[in-house]
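Residues in the sequence shown are numbered from 566 upward in steps of one, following our numbering.
As structure tokens, the structure follows; a few thoughts come after it.
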Amino acid sequence: MEQFKLFDDREHLLLPEHLMEYKHGFFDRKESDRYLNTFLETITWQQTKVMMYDKEVLTPRLCAWFGDRPIRQDDKRPPIPWTDELWEIKTKVEDYTGIIFNGVLLNYYRDGNDSVAWHSDKDTIVGLKTEIASVSFGQARNFDFRNKENHRQQYSLELGNGSLLLMKGDLQKYWEHRIAKSAVPMKARINLTFRKVL
566 MEQFKLFDDR EHLLLPEHLM EYKHGFFDRK ESDRYLNTFL ETITWQQTKV
616 MMYDKEVLTP RLCAWFGDRP IRQDDKRPPI PWTDELWEIK TKVEDYTGII
666 FNGVLLNYYR DGNDSVAWHS DKDTIVGLKT EIASVSFGQA RNFDFRNKEN
716 HRQQYSLELG NGSLLLMKGD LQKYWEHRIA KSAVPMKARI NLTFRKVL
């Protein structure tokens, strides 16, 4: 399957602006490296189990959920309270986007073997447009998008160290995304997805 870059040669976004906004270097290199190292050293990471083809498997990445309430209504685990660093990042993201978030999912991709399969995010307030702010620290990884109705319509965007990707509008309704495994050696990457949940 051929993948196309998400920006043209003039660095214009190919998907409509009402669906997505990308800002490279939202956090500078020094800030990004500090946050990466802090999270690597201080977060209690968990590897969750999911059902795949009627079989329970471990997710190929580590996760942690912080915020004001559980990520899902049926999740009995209490959320972990905001840390100072997460609150700093949340405040900067909210000031830039004008959107208030009440939770953040951290994903730790340890190397090129860690990934997340094709999906769309559903952990948001029912009936409202889904707005998710994605911040990346560490190793740059390709973030692939494909149209749910036409998988040939597929794009790839490299999410660099300190970048911000705002997914909004009906993006989750009509598109899905993934981080694929990489045959090329990869270092640690931590991704934060700020969300509005019930």
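Glycine included, each C-beta is placed from N, C-alpha and C at the ideal position.
Residue from the options whose Cα sits closest to the Cα of residue i
| i | options | result |
| --- | --- | --- |
| alanine 682 | Leu601, Ala753 and Ile744 | Ile744 |
| valine 700 | Lys713, Asn726 and Asn715 | Asn726 |
| asparagine 672 | Ala748, Leu729 and Arg626 | Arg626 |
| glycine 601 | Arg675, Ile664 and Asp679 | Residue 601 is actually leucine in this sequence, not glycine. When only C-alpha atoms are compared, the closest one is Arg675. |
| glutamine 704 | Ala698, Met585 and Ser597 | Ser597 |
Helix, strand or coil at residue i according to DSSP, with G and I counted as helix
| i | result |
| --- | --- |
| phenylalanine 631 | strand |
| valine 749 | coil |
| glutamine 719 | strand |
| leucine 601 | helix |
| threonine 656 | helix |
| arginine 675 | coil |
| aspartate 649 | helix |
Inter-residue Cα distance where the pair is residue i and residue j
| i | j | result |
| --- | --- | --- |
| glycine 692 | cysteine 628 | Residue confidence is low: glycine 692 scores 47 on pLDDT, short of 50, so the model does not pin down where it sits. Its coordinate-derived value is still stated next. Straight-line Cα distance between these residues: approximately 27 Å. |
| proline 750 | leucine 722 | 18 Å |
| methionine 732 | lysine 620 | 31 Å |
| phenylalanine 759 | lysine 713 | 23 Å |
| histidine 716 | glutamate 582 | 21 Å |
| histidine 742 | methionine 585 | 13 Å |
| alanine 753 | isoleucine 608 | 14 Å |
Nearest-angstrom beta carbon gap, residue j and residue i [assumed within contact, 8 Å]
| i | j | result |
| --- | --- | --- |
| glutamine 568 | aspartate 679 | Going by Cβ atoms, the distance from glutamine 568 to aspartate 679 rounds to 20 Å, so no, they are not a contact pair. |
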